[in-house]
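Residue numbers (the numbering used here), protein chains in the order written: chain A, 42 to 262; chain B, 42 to 262. For each residue, glycine too, the CB sits at the ideal point set by N, CA and C. Single-structure report; data block below.
There are 2 protein chains.
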Amino acid sequence: MKTMGFNELVLVNPACEIDGQARARSAGALDILSAARIEPDLESAIGDCGFVAGASARKRRLNWPELDARTCAGTVASRLSEGPVALLFGPERAGLSNAELDRCNALVYIPSNPDYNSLNLASAVQLIAYELRLALISEAPPPPAEFPPASSQEMALFYEHLERALLGVNFINPDKSQHIMRRLQRLFNRAELNQNEMNILRGMLSALAPGSGNRPPPDEE
Amino acid sequence: MKTMGFNELVLVNPACEIDGQARARSAGALDILSAARIEPDLESAIGDCGFVAGASARKRRLNWPELDARTCAGTVASRLSEGPVALLFGPERAGLSNAELDRCNALVYIPSNPDYNSLNLASAVQLIAYELRLALISEAPPPPAEFPPASSQEMALFYEHLERALLGVNFINPDKSQHIMRRLQRLFNRAELNQNEMNILRGMLSALAPGSGNRPPPDEE
Chain A
42 MKTMGFNELV LVNPACEIDG QARARSAGAL DILSAARIEP DLESAIGDCG FVAGASARKR
102 RLNWPELDAR TCAGTVASRL SEGPVALLFG PERAGLSNAE LDRCNALVYI PSNPDYNSLN
162 LASAVQLIAY ELRLALISEA PPPPAEFPPA SSQEMALFYE HLERALLGVN FINPDKSQHI
222 MRRLQRLFNR AELNQNEMNI LRGMLSALAP GSGNRPPPDE E
Chain B
42 MKTMGFNELV LVNPACEIDG QARARSAGAL DILSAARIEP DLESAIGDCG FVAGASARKR
102 RLNWPELDAR TCAGTVASRL SEGPVALLFG PERAGLSNAE LDRCNALVYI PSNPDYNSLN
162 LASAVQLIAY ELRLALISEA PPPPAEFPPA SSQEMALFYE HLERALLGVN FINPDKSQHI
222 MRRLQRLFNR AELNQNEMNI LRGMLSALAP GSGNRPPPDE E
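What follows is the structure in structure tokens.
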């Protein structure tokens with residue numbers, strides 16, 4: 042990432058500390074490794090981000106926008122003026138989980154040989170960072186958006202509100218709500234809500250399902 | 042190189058044989074390693090090539106055309122019909138010598154952070170192979186969508202349903218509903234709903250606002 046001019050590394054619940062081996066392997070990028078933010082969970086890592094693209098090798102045939110690396114880089118470059126963005130990568134072997142991808146506005150994939158598309162994590166980061174560098178160098182600043190984007194954290198609170206409202210009218214049930222909730226998350230993530238729209242949707246839910254806006258007390262029995 | 046669909050590897054006077062360690066590191070690309078041509082010198086390796094691009098990190102300010110990776114990929118792709126071409130990489134630390142670069146038709150460099158442009162050999166090969174793949178192969182058509190898109194008529198019926206639901210709970214009022222309804226329309230139009238999502242949203246509205254799904258009789262007084 043340093044070769045492409047990026048320096049803000051966030052590690053989510055890493056498997057080990059930043060130790061001597063990690064420092065030795067960082068070559069000339071020790072400054073980035075030393076300044077890396079370490080967060081216990083994904084929410085703390087991307088909660089403030091208005092746009093999150095998750096790297097995924099698989100074609101998932103679901104309702105996320107799947108952007109190739111070049112298209113994604115253009116999108117990210119155009120969003121930067123609105124606030125923080127994140128490129129999210131999973132662990133080397135497993136990649137991102139579906140639950141983690143649910144937090145993304147788009148999936149980003151690298152066009153590759155369909156018979157052998159197993160790029161390792163370092164290669165994937167390198168290629169996507171490269172495309173982003175090229176997009177940023179060429180990108181003219183877009184006109185400012187009317188409203189700032191809803192943050193990832195605001196989206197999470199909206200989904201909680203929506204789920205409570207739908208549970209309250211038995212549209213979903215606690216045992217089997219995940220399928221429909223995930224469909225709805227993908228739909229709204231894809232729309233990339235701004236804060237004005239977020240306020241309208243939250244107000245709408247509160248009007249349609251009074252009381253759903255408040256979280257139950259944590260120790261309620 | 043295999044991830045990007047290339048398979049013709051030529052090694053010039055390699056430092057060691059293709060041994061067990063090399064095979065172990067080749068991961069799923071043992072077929073390419075096993076079929077690698079080993080040549081004693083550069084002449085035997087590239088003698089039959091009509092166009093040779095040599096990878097170089099340094100700006101040499103000499104009389105070679107210096108092409109960035111994307112431009113070089115376009116050039117290589119346009120030359121392929123004329124005969125074999127080669128992308129030439131030097132050893133990890135030293136890179137290509139001036140004598141070796143003298144054999145090249147062009148230099149290819151990767152745009153990178155001027156303060157830290159030391160891509161390693163694997164990264165350089167990966168990036169240039171990626172650009173070449175994109176130049177050579179037009180993207181395969183995207184996978185078919187899981188569900189057909191909601192039609193414009195279905196969207197219009199959904200907005201009518203939504204408006205009745207919101208009027209019913211006084212979230213909007215008949216005189217001044219247009220502003221909020223237009224915001225919501227833009228949001229959902231932007232998301233490009235499919236029919237499955239449309240069904241979920243209609244069902245959700247019917248559950249949250251019973252009766253809103255039915256249009257009032259046209260001659261109701």
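Any chain A beta carbon closer than 8 Å to residue i
| i | result |
| --- | --- |
| Thr112(B) | no |
| Thr44(B) | yes |
| Val149(B) | no |
| Glu180(B) | Note that Glu180(B) scores 45 on pLDDT, short of 50, meaning its location in the model is unreliable and no value can be drawn from it. |
| Ala118(B) | no |
| Val51(B) | no |
| Ser159(B) | yes |
| Leu128(B) | no |
| Arg174(B) | yes |
| Leu142(B) | no |
DSSP bridge partner residues for residue i (one or two, in chain order)
| i | result |
| --- | --- |
| Ala147(B) | Ala94(B) |
| Glu84(B) | Per DSSP, none; premise fails for Glu84(B). |
| Val51(A) | Arg78(A) |
| Ala110(A) | Note: Ala110(A) sits in no beta bridge, so no partner. |
| Ala65(A) | BP columns for Ala65(A) are empty, so no partner. |
| Leu129(A) | Gly95(A) |
| Pro190(B) | Asn235(B) |
Which listed residue (the options) has its alpha carbon closest to that of residue i
| i | options | result |
| --- | --- | --- |
| Asp89(B) | Ser218(B), Met42(B), Val51(B), Asn255(B) | Val51(B) |
| Ser159(B) | Gly61(A), Gln62(A), Ser67(A), Asp60(A) | Ser67(A) |
| Tyr150(B) | Ser119(B), Glu141(B), Cys113(B) | Cys113(B) |
| Gly252(B) | Gln219(B), Asp72(B), Gly209(B) | Gly209(B) |
| Met45(B) | Asn48(A), Asn161(A), Glu133(A) | Asn161(A) |
| Asp60(B) | Leu249(B), Glu141(B), Leu128(B), Ser75(B) | Ser75(B) |
| Arg111(A) | Ile221(A), Leu249(A), Ala176(A) | Ala176(A) |
| Leu173(A) | Ser193(A), Asp216(A), Leu128(A) | Leu128(A) |
| Glu141(A) | Ser119(A), Pro215(A), Ser85(A), Gly124(A) | Ser85(A) |
| Ala56(A) | Glu80(A), Asp72(A), Pro152(A), Pro185(A) | Glu80(A) |
| Ser267(A) | Arg134(A), Ser122(A), Val117(A) | Residue 267(A) falls outside the range modelled here, since chain A spans only 42 to 262, and no answer is possible. |
| Leu234(A) | Asn146(A), Leu203(A), His202(A), Val166(A) | Asn146(A) |
| Glu238(A) | Arg224(A), His220(A), Phe188(A) | Phe188(A) |
| Ala206(A) | Ser119(A), Met222(A), Arg120(A), Gly69(A) | Met222(A) |
| His202(A) | Phe130(A), Pro215(A), Gly254(A), Gly69(A) | Gly254(A) |
| Ala192(B) | Ala186(B), Leu228(B), Gln236(B) | In the sequence as displayed, the identity of residue 192(B) is Ser instead of Ala. Here the closest residue by C-alpha is Gln236(B). |
| Pro185(A) | Leu121(A), Pro106(A), Asn214(A) | Leu121(A) |
| Ile169(B) | Leu108(B), Pro215(B), Asn214(B) | Leu108(B) |
Status (buried if at least 16 other CB within 10 Å, exposed otherwise) for residue i
| i | result |
| --- | --- |
| Ile178(B) | exposed |
| Ala250(A) | buried |
| Arg144(A) | buried |
| Gly91(A) | buried |
| Ser138(B) | exposed |
| Arg64(B) | exposed |
| Pro132(A) | exposed |
| Glu58(A) | exposed |
Within-8 Å CB hit, residue i to chain B
| i | result |
| --- | --- |
| Met196(A) | no |
| Leu74(A) | no |
| Ser164(A) | yes |
| Ser85(A) | no |
| Pro190(A) | no |
| Gln167(A) | yes |
| Leu249(A) | yes |
| Glu238(A) | yes |
| Ile221(A) | yes |
| Leu228(A) | yes |
| Tyr200(A) | no |
| Pro185(A) | no |
| Ile241(A) | yes |
| Val93(A) | no |
| Pro152(A) | yes |
| Arg224(A) | yes |
| Leu71(A) | no |
| Gly22(A) | No answer is possible for residue 22(A): the residues shown for chain A start at 42 and end at 262. |
| Leu234(A) | yes |
Supposed close pair residue i, residue j - CB separation, criterion 8 Å
| i | j | result |
| --- | --- | --- |
| Lys43(B) | Tyr157(A) | 5 Å |
| Met196(B) | Asn230(B) | 7 Å |
| Met245(B) | Phe212(A) | 6 Å |
| Ser164(B) | Gln167(A) | 5 Å |
| Ile241(B) | Arg224(A) | 6 Å |
| Asp82(B) | Asn54(B) | 6 Å |
8 Å Cβ cutoff, residue i in contact with chain C
| i | result |
| --- | --- |
| Ala63(B) | Absent from the structure: chain C. Protein chains present are A and B. |
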